[in-house]
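Q: Can you keep this structure in mind? I'll have questions shortly.
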Amino acid sequence: MKEKLENILKNGEQEITNAKTVQDLEEIKVKYLSRKGELTSIKKNLKDLSDEDKRIIGSLANNVYNSLDSLITKKNNELYKIELNKKLNDEKIDITLPSDFRVQGKVHPLTQTINEIVEIFQGLGFSVMASEDSPEVETEYINFDMLNFPPNHPAKDMQDTFYTKTAPNVILRSQTSGAQIRQMLHQAPPVRVISPGRVYRCESVSARKNNLFHQIEGLLVDKDITFADLKGILNEFVRIYFGSSRPTRFRASYFPFTEPSAEVDVQCIMCQGKGCRTCSGTGWLEVLGAGMVHANVLRNVGIDPEIYSGFAFGMGVERLTMLKYAINDIRLFFNNDVRFLNQF
Ligand code: DAH
């Protein structure tokens, strides 16, 4: 038995010296030191020996166990270091190598226009309504009725407005003008806000029309507000947005929620007023709708039109962007072709 133990020690030492990996060592440990290992089986046979032999062989077995165990631990530390170094070497990255080329995203041209217009009106003392205060899924009541549209107005037609199936009289808003109502229901005059956002119309898509587009609504209500205030603010806006040399004109128009109503034209940016295809030969391009807030609208939200007056305006973001950069197809904004988007 003594010989057997000496052999175990010799073979174990040999195997430990030759172990190449931590995994090898693990196997050696199982082979010699585990509960099913060679040393354990010797210890189990101690009971058949004399007391004297039990003592000698038992302590020899313990010594062999301790020697092998500490050799394994020592070797394990060595191998672990070697393996770690190898791993660190293999996984080394050269941080001086140039990286892959990545296309950088940019702000969408429509967002750029909205940001620009918002900044202009902030400079003129307007605050910006939070988008959650004027939802895109809107009631017919806010989008039309409160804005003094008669019940049979053609804009309410299913041909023009998207109706939802989920609830009666719930629509995708066809204009941002409902934001006027929401703001006035929420805030007593003086009111001075703009509200940018998406609107939806049920039309066939073409170079000039898309089902989804963006508007910016404006509203100012206070005492003694006149049409001259409206002209002053909107002229100032056009001057900043299109440049100071671009002439404007106010043309009488009709909207149910304003009286009087006007449309604002700028001199054609393509032909400088001479008349061309873009302006259909008129020399002018329409850029926004506006007017004095109708007395019925003020009454609908509980504001006394004898005390307060105001003006409102609404403009199309796509149209303003197309005019500024001479873009001839509205669909370009929605195709997400980076060759188009990168130009802005
Ligand atoms: N909501 C109108 C449209 O979608 C635009 C408009 C016209 C807004 C006159 C206004 C306004 O606030 O006063 O065509």
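Residues in the sequence shown are numbered from 880 upward in steps of one, following this note's numbering. Glycine is no exception: its CB is placed at the ideal position from the N, C-alpha and C atoms. Being a predicted model, the structure only gives us computed values, none of them experimental.
Would you mind giving the Cβ-Cβ distance between residue 1072 and residue 1008, rounded to the nearest angstrom? I have them listed as a contact below 8 Å.
A: 5 Å between Cβ atoms; contact.
Q: Ends of the alpha helix (DSSP H) at residue 891?
A: Segment 881–897, the alpha helix (DSSP H) holding residue 891.
Q: Suppose the cutoff is 6 Å on Cβ atoms and the five residues either side in sequence are ignored; what does the same chain contact list for residue 1140 look like?
A: Answer for residue 1140: 1132, 1133, 1134 and 1170, listed in chain order.
Q: Thinking just about the alpha-carbon of each residue, which of 998, 1043 and 1129 is nearest to the one in residue 1228?
A: Nothing about residue 1228 can be read from this structure; the chain reaches only from 880 to 1223.
Q: Express the C-alpha separation of residue 1055 and residue 1198 in angstroms, rounding to a whole number.
A: So the alpha carbons of these two residues sit roughly 15 Å apart.
Q: Which two residues bound the contiguous beta strand (DSSP E) that contains residue 1191?
A: Start and end: 1188–1195.
Q: Using a Cβ-Cβ cut-off of 6 Å (strictly less than) and excluding sequence neighbours within five positions of residue 922, which residues of its own chain qualify?
A: If we look at residue 922 and ignore the five residues flanking it on each side, its Cβ neighbours are 940.
Q: Just how far apart, CA to CA, sit residue 1000 and residue 969?
A: Their Cα atoms are separated by approximately 59 Å.
Q: Kindly indicate which three-state DSSP category residue 920 falls into: helix, strand or coil?
A: Residue 920 falls in the helix class under three-state DSSP.
Q: Tell me residue 1146's beta-bridge partners as DSSP assigns them.
A: The partner list for residue 1146 (beta bridge, DSSP) reads 1163.
Q: According to DSSP, is residue 1200 helix, strand or coil?
A: In this structure, residue 1200 counts as helix in the three-state DSSP scheme.
Q: Specify the secondary structure class of residue 934 as computed by DSSP and reduced to three states.
A: The answer is helix: DSSP assigns residue 934 an H, G or I state.
Q: Contact defined as beta carbons within less than 8 Å: I believe residue 1065 pairs with residue 989. What is the distance between those atoms, to the nearest angstrom?
A: Not confirmed; about 27 Å, so no contact.
Q: With DSSP collapsed to three states, give me the class of residue 1033.
A: Three-state result, residue 1033: helix.
Q: Under 8 Å, with one C-beta from each stretch per pair, do the stretch 909–927 and the stretch 881–901 reach the 3-pair mark?
A: Taking 8 Å as the limit for Cβ pairs, the verdict is that the stretch 881–901 does touch the stretch 909–927.
Q: So is residue 1204 buried or exposed if we call it buried at 16+ other beta carbons inside 10 Å?
A: Residue 1204 is exposed by the Cβ-count criterion.
Q: What does DSSP give as the partner residues of residue 1086 in its beta bridges?
A: Answer is none; residue 1086 lacks a bridge partner.
Q: Roughly how far, in whole angstroms, is the beta-carbon of residue 1062 from the beta-carbon of residue 1098, given that I think they are within contact range, below 8 Å?
A: So it is a contact: roughly 6 Å between Cβ atoms.
Q: From this set, 1033, 1190 and 1107, which residue's C-alpha is nearest residue 1080's C-alpha?
A: Of 1033, 1190 and 1107, the residue nearest in Cα terms is 1033.
Q: Which runs of the beta strand (DSSP E) spanning at least 3 residues fall entirely within the stretch 1107–1159, listed in chain order?
A: Runs of the beta strand (DSSP E) inside the stretch 1107–1159: 1127–1134 and 1137–1146.
Q: So, for residue 1127: in the same chain, excluding its five sequence neighbours on each side, which residues have a beta-carbon less than 7 Å away from its beta-carbon?
A: Cβ within range, chain order: 1114, 1117, 1143, 1144 and 1145.
Q: Around the C-beta of residue 938, are 16 or more other C-beta atoms found within 10 angstroms, so that it is buried, or is it exposed?
A: That one is exposed.
Q: Report the three-state DSSP secondary structure of residue 957 (helix, strand or coil).
A: DSSP places residue 957 in helix when its eight states are reduced to three.
Q: Pull up the distance between the alpha-carbon of residue 1125 and that of residue 1177, whole angstroms please.
A: Cα to Cα, the separation comes out at about 34 Å.
Q: The ligand DAH heavy atoms versus the CB of residue 1137: any closer than 8 Å?
A: Answer for residue 1137: yes, Cβ within range of the ligand DAH.
Q: Give the straight-line distance between the Cα atoms of residue 1112 and residue 992, rounded to the nearest whole angstrom.
A: For residue 1112 and residue 992, the distance between alpha carbons rounds to 18 Å.
Q: Is it buried or exposed, residue 1067, if we count other Cβ atoms within 10 angstroms and call 16 or more buried?
A: When all chains shown are included, residue 1067 counts as exposed.
Q: Going by DSSP, what residues sit across from residue 1092 in a beta bridge?
A: Paired residues: 1078.
Q: Hey, which unbroken runs of the beta strand (DSSP E) at 3 residues or more fall wholly within the stretch 992–1025?
A: The stretch 992–1025 contains these whole beta strand (DSSP E) runs: 1016–1018.
Q: Can you list, in chain order, the residues of its chain with a C-beta nearer than 6 Å to that of residue 1167? Leave out the 5 residues immediately preceding and following it.
A: Around residue 1167: 1143, 1192 and 1194.
Q: When the Cα atoms are used, what is the spatial distance from residue 1035 to residue 1082?
A: Between residue 1035 and residue 1082, the C-alpha separation is close to 13 Å.
Q: Less than 7 Å between C-beta atoms, sequence neighbours within five positions excluded: which residues of the same chain meet that for residue 912?
A: The residues are 918, 944, 947 and 948.
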